[in-house]
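Single-structure report; data block below.
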Amino acid sequence: MHYITPDLCDAYPEQVQVVEPMFSNFGGRDSFGGEIVTLKCFEDNSLVREQAEQDGTGKVLVVDGGGSLRCALLGDMIAEKAAKNGWEGMVIYGCVRDVDVLAQTDLGVQALASHPLKTEKRGLGELNKVVNFGGVTFRPGEFVYADNNGIIVSPIALTMPD
């Protein structure tokens, strides 16, 4: 489905929170949305890879990487795995790499920046915890929508107005 966040904001003003404008679109989908699955990790993308291997149909992985600009939490191999497993997209509060390949991958990806260095793999992180960044609280089971206009969060699933 194609989402237009300004239209969703207009149609559901009481339901949406808008994430501060700090993210850029790196994925092959310029619009994506779905049920939130959260992951909190810092400079270790072990759990990002694990989640990408799960069925992500109708879901968006929201990764709180602490805003680190020192390494990339997502690269081409994990993104391709996530796309193959049906994930709608990822919101990465951190960096990504392999941006030319990400732009060709059927996955929505919003992140702070690109960085060529990969993370360490220590298996650290927390899955499905409430996370906060960009002035918004992301709760597992709620919904996130993103496009080139920005990212919004809602406690309920939203449908595009006619």
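Numbering (the numbering used here), first residue to last: 71 to 232. Where a beta carbon is used, it is the ideal one built from N, C-alpha and C, also for glycine.
> From 178, 92, 196, 151, pick the residue whose C-alpha is nearest to that of residue 164; which is it?
Replying inline: The sequence position of residue 164 within the sequence shown is 94, counting from 1. Of the listed residues, the one whose Cα sits closest to residue 164 is 92.
>> Output needed for residue 72: all residues of its chain with C-beta closer than 7 Å, excluding positions within five of it in sequence on either side, in chain order.
In response: Sequence index remark: in the sequence shown, residue 72 carries index 2 (1-based). Once the five neighbours on either side are set aside, the close Cβ partners of residue 72 are 101.
>> With a threshold of 8 Å on Cβ separation, who are the neighbours of residue 159 within its own chain once the five nearest residues in sequence on each side are excluded?
In response: Start at 1 with the first residue of the sequence shown, and residue 159 comes out as number 89. So the list reads 97, 99, 102, 103, 104, 130, 131, 177, 178, 179, 180, 216, once near-sequence residues are dropped.
>> Quick test of the definition: if touching needs 3 or more C-beta pairs under 8 Å, does the stretch 164–173 touch the stretch 190–203?
In response: no
> How long is the line joining the alpha carbons of residue 146 and residue 81, rounded to whole angstroms?
Replying inline: Here residue 146 corresponds to residue number 76 of the sequence shown, with the count starting at 1. Here residue 81 corresponds to residue number 11 of the sequence shown, with the count starting at 1. Their Cα atoms are separated by approximately 35 Å.
>> Report the CB separation of residue 213 from residue 106 in whole angstroms; it is logged as a contact under 8 Å.
In response: Against the sequence shown, residue 213 aligns to sequence position 143. Against the sequence shown, residue 106 aligns to sequence position 36. That belief holds up - the Cβ atoms of residue 213 and residue 106 are roughly 6 Å apart, short of 8 Å.
> Could you give the distance in angstroms between the alpha-carbon of residue 86 and the alpha-carbon of residue 225?
Replying inline: Here residue 86 is taken as the residue at index 16 of the sequence shown, counted from 1. Here residue 225 is taken as the residue at index 155 of the sequence shown, counted from 1. If you take the alpha carbons of residue 86 and residue 225, they lie about 8 Å apart.
> Can you give the Cα-Cα distance for residue 200 and residue 108, rounded to whole angstroms?
Replying inline: Your numbering for residue 200 matches position 130 in the sequence shown. Your numbering for residue 108 matches position 38 in the sequence shown. Approximately 7 Å between the Cα atoms of the pair.
> Taking Cβ positions, are residue 118 and residue 204 nearer each other than 7 Å?
Replying inline: Walking along the sequence shown from the start, residue 118 turns up at place 48. Walking along the sequence shown from the start, residue 204 turns up at place 134. Not closer than 7 Å, so no.
>> Suppose you measure from the CA of residue 220 to the CA of residue 114; what does that come to, to the nearest Å?
In response: The residue you call residue 220 lines up with position 150 of the sequence shown. The residue you call residue 114 lines up with position 44 of the sequence shown. If I take the Cα positions, the gap works out to 26 Å.
>> Starting from residue 116, trace the alpha helix (DSSP H) in both directions and tell me its first and last residue.
In response: Locating residue 116 in the sequence shown gives position 46, counting from the first residue. From DSSP, the alpha helix (DSSP H) with residue 116 extends over 116–122.
> What's the C-alpha gap between residue 127 and residue 156?
Replying inline: Mapped onto the sequence shown, residue 127 falls at position 57. Mapped onto the sequence shown, residue 156 falls at position 86. Cα to Cα, residue 127 sits roughly 5 Å from residue 156.
>> For a quick check, are the C-beta atoms of residue 144 and residue 166 less than 7 Å apart?
In response: As a first step, residue 144 is located in the sequence shown; it is residue number 74 there, counting from the start. As a first step, residue 166 is located in the sequence shown; it is residue number 96 there, counting from the start. Yes, the pair counts as a contact, with Cβ atoms nearer than the cut-off.
> Given a threshold of 16 other Cβ atoms within 10 Å of its Cβ, counted over all protein chains shown, does residue 78 qualify as buried or as exposed?
Replying inline: Translated into the one-based positions of the sequence shown, residue 78 becomes position 8. Classification of residue 78: buried, given that the 10 Å Cβ count is 16 or more.
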